[in-house]
Amino acid sequence: MLSRRMGMAALAISIAAIAFIALSTAAGTAAEGPDEGPADEGSQTESSNADLDDYSKAYGVTPEEARRQWTITDEARELQASLRSDARDVFAGMWLDYEPEFAVVVGVLPGGEESVRATVKELGLVDWVRLAPRDHSLVDLHAMQDSLSELLPASLDYSSGIDQSEGLVNVYVHEYLSDSQLASFELPNGVAISFEGPPVPAVDVYGGLSLSNGCTAGFSVEETNGFQSGVTTAGHCENSTSYNGQNLPWENGNWIGRLDVQWHTTPNLGDPNKIRVTQQGATRVVDDRMPAHQFIEDEHVCKYGRATLYDCGTLDDLSFDPSDICVPSSTDDFVRVTPNPQAGDMAEGGDSGGPVFHDNPATAYGVMNCEFTSNQDMLFMPQNFMPDIGVQVDI
Amino acid sequence: MRIAASLAALMLATTLLVGCIGDEESDLGGSNPYLFTWTAPEGPGDAAAGLLLGRMDVRNGCIYWLSDNGSEFLPLWPDGALLSTEEGTVVVSVDGTAVAEGQDSSLSGGERTRDQAEALLGESLPSVCNPADGYWVATGIESDAS
């Protein structure tokens, strides 16, 4: 028992000694300065002001002038708070100008200048504040920003912000849309929309290319409401598909009645209005659409599919009603194509979805959907039925 | 139309099937998975020209097709498709082209809904064969398993 008590006492003394040494060492380190090793939080005092030095260099002013501008900025905060509460109907925002000389700028709606100047004068900031005319109050800009969800499609991935100096609500669309598609959004004056996302894609997907679902892409399309773009393939092909490792989300499609088409959006890919026409990869621009009611029997068309590639033929039957093995519950709206004498088989497994077209630049006629086991003919769905699934060939 | 199947236990569980593969078509005895076949209608032989890339997967007595994109289909085979086994592996052949379970291959044809598939077959499909993504009216096998 005695031995145990002596052991406990020795242990306590040892712990106390270790603690004393540790504290002494820490104190000594702090006193010796920061270069001697890690210091406790709050033990270092910066002799200079790196922020002020940075500001001076960035704006080409002396440290004294930098400090003066900071003081003015602090005083402007009170002005901003006052205008936000007391002049909300005419206050269009506040920002700092550095060129040609430092100034606090207040955006003001027409008619609000007098009341804003009075507040500026009251706060003693006349020498540093200038007014800039604007069309929308800051309150209105926030209201416009809040209403974006009602003005833009729910499927659109975007973010937004307010640029007070420009007097704009900025909408940043994260998926690639062309300028014309961006312009198609009906947004109020004061809202600017732009693409801001992944770099403009270096890889394109368009008609004639092989998709991972085993079929062929038909045409680049755009929604009839102009919101989104994408590519088509045949409706009876697998819905899940990709190109170049990029998933192509299924948007809409069907294979019944007069339809045999589906379309997919193309995130992270471009979808220009062109089609592949050779195995080597040559393409044609698509610049026109031919509706079925303007087809003429025996006229010349060509097609491209991943299995049978490029071939041409003639429109043999403009009112073909396929079997259920081709399209269930079909109507007589499909078109049968007979190959030219020198052409081979017009369609085999995998060609479905491929573009049917004429001339260069190409006029879009339709998308391939069925082969014939008894001969080398093929069937296609006229492109003018695509609006049934909400899209049209992009030209 | 004809549905051919020969999984005895499953046949007892359903009254929807109309037939089974005969001895002349299969060497699987009484443990055949379902092999649903369709007969081409009279006419020029127009058929969907899609292509389903993937491999055959036999599960719970049903022959599925797992696509390279991760979808699961139930193939409806053309009349004349033959079912057999090679060293315990299920093999289906169409017009002399065979595909074994698990072998990368492709089926020409096109997708169907369950209602459309049953309309094509003229019979209801057994509930045990319930693919996650759809049905595929197969017109042929695009690669040779031999």
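One line per chain: the protein sequences are P and Y, in this order. FYI, the numbering for the first sequence is -10 to 384, going by our numbering. FYI, the numbering for the second sequence is 5 to 150, going by our numbering. C-beta: ideal position from N, C-alpha, C; glycine also.
Counting along the chain, the unbroken beta strand (DSSP E) around Ala52 of chain Y starts and ends at 50 to 52. Contact check for Asn236 of chain P against Gly224 of chain P fails: the beta carbons are separated by 8 angstroms or more. Following the DSSP letters along the chain, one finds Leu120 of chain P inside the beta strand (DSSP E) bounded by residues 118 to 122. For Thr303 of chain P, no CB of chain Y lies under 8 angstroms from its own CB, so it is not counted at the interface with that chain.
Taking 9 angstroms as the cut-off between beta carbons, the residues of the segment 69 to 80 of chain Y near chain P are Ser71, Asp72, Asn73, Gly74, Ser75, Phe77, in sequence order. Boundaries for Val115 of chain P: no alpha helix (DSSP H) harbours it, and the DSSP string shows neither H nor E there. Near chain Y, meaning a CB-to-CB distance below 8 angstroms, the residues of the segment 355 to 370 of chain P are Met357, Asn358, Cys359, Glu360, Phe361, Thr362, Ser363, Asn364, Asp366, Met367, Leu368. In terms of Cβ geometry, Asn241 of chain P and Trp252 of chain P form a close pair [threshold 8 angstroms].
With a minimum length of 3 residues, the unbroken runs of beta strand (DSSP E) contained wholly in the segment 46 to 108 of chain Y fall at 50 to 52, 54 to 63, 66 to 71, 76 to 82, 86 to 90, 93 to 98, 101 to 104. For the C-beta of His225 of chain P, the chain Y residues within less than 7 angstroms are, from N- to C-terminus, Ala52, Gly54, Gly114, Glu115. Closer than 8 angstroms to the CB of Val141 of chain Y there is at least one CB belonging to chain P.
Going by C-alpha positions, Asp61 of chain Y is about 10 angstroms away from Thr93 of chain Y. Arg116 of chain Y is positioned such that its CB atom lies closer than 8 angstroms to that of Pro317 of chain P. Along the segment 312 to 334 of chain P, the positions whose C-beta sits under 7 angstroms from a C-beta of chain Y are Ser312, Asp313, Ile314, Cys315, Pro317, read in chain order.
Counting only runs of at least 3 residues, the segment 243 to 295 of chain P fully encloses the following beta strand (DSSP E) elements, listed from N- to C-terminal order: 248 to 254, 263 to 265, 272 to 278, 289 to 294. Counting along the chain, Ser128 of chain Y sits inside no beta strand (DSSP E), nor does DSSP assign it H or E at all. Against chain P, the CB of Gly100 of chain Y has no partner CB under 8 angstroms away; the residue lies outside that interface. With respect to chain P, the C-beta atom of Glu146 of chain Y has a partner C-beta closer than 8 angstroms.
Between the segment 368 to 379 of chain P and the segment 203 to 215 of chain P, the count of C-beta pairs closer than 8 angstroms reaches three or more; the two stretches touch. The DSSP-derived three-state label of Gln217 of chain P is coil.
Straight-line spacing of the CA atoms in Arg73 of chain P and Asp135 of chain P works out to 18 angstroms. Under the Cβ criterion of 8 angstroms, Gly338 of chain P is counted among the residues facing chain Y. DSSP assignment within the segment 126 to 203 of chain P yields the following whole alpha helix (DSSP H) runs of 4 residues or more, N-terminal first: 127 to 135, 137 to 140, 168 to 172. For Gln381 of chain P, no alpha helix (DSSP H) segment is defined; the enclosing uninterrupted segment is the beta strand (DSSP E) at 380 to 382. Interface residue (Cβ-Cβ distance to chain Y less than 8 angstroms): Ser308 of chain P is not classified as such. Of P:Trp239, P:Ala296, P:Asn349, P:Gly339, the smallest CA-CA separation from Val274 of chain P is found for P:Asn349. Secondary structure at Val105 of chain P: helix, using DSSP grouped into helix, strand and coil.
When the five nearest sequence neighbours on each side are left out, the beta carbons in the same chain lying within less than 6 angstroms of the beta carbon of His125 of chain P are those of Gly156, Gly179, in order along the chain. With a cutoff of 8 angstroms on beta-carbon distance, Trp81 of chain Y and Leu125 of chain Y are scored as not near each other. Around the CB of Arg66 of chain P, fewer than 16 other CB atoms lie within 10 Å, so the residue is classed as exposed. Taking every protein chain shown into account, the CB of Trp59 of chain P has fewer than 16 other CB atoms within 10 angstroms, so this residue is exposed.
If you draw a straight line from the Cα of Glu102 of chain P to the Cα of Val50 of chain P, it comes to about 31 angstroms.
Along the length of the segment 295 to 357 of chain P, whole beta strand (DSSP E) runs at least 3 residues long occupy 298 to 309, 323 to 328, 344 to 347, reported in chain order. For the 8 angstroms CB-CB criterion, Ala353 of chain P and Phe346 of chain P form a contact.
Here the C-alpha atom of Glu90 of chain P lies approximately 36 angstroms from the C-alpha atom of His163 of chain P.
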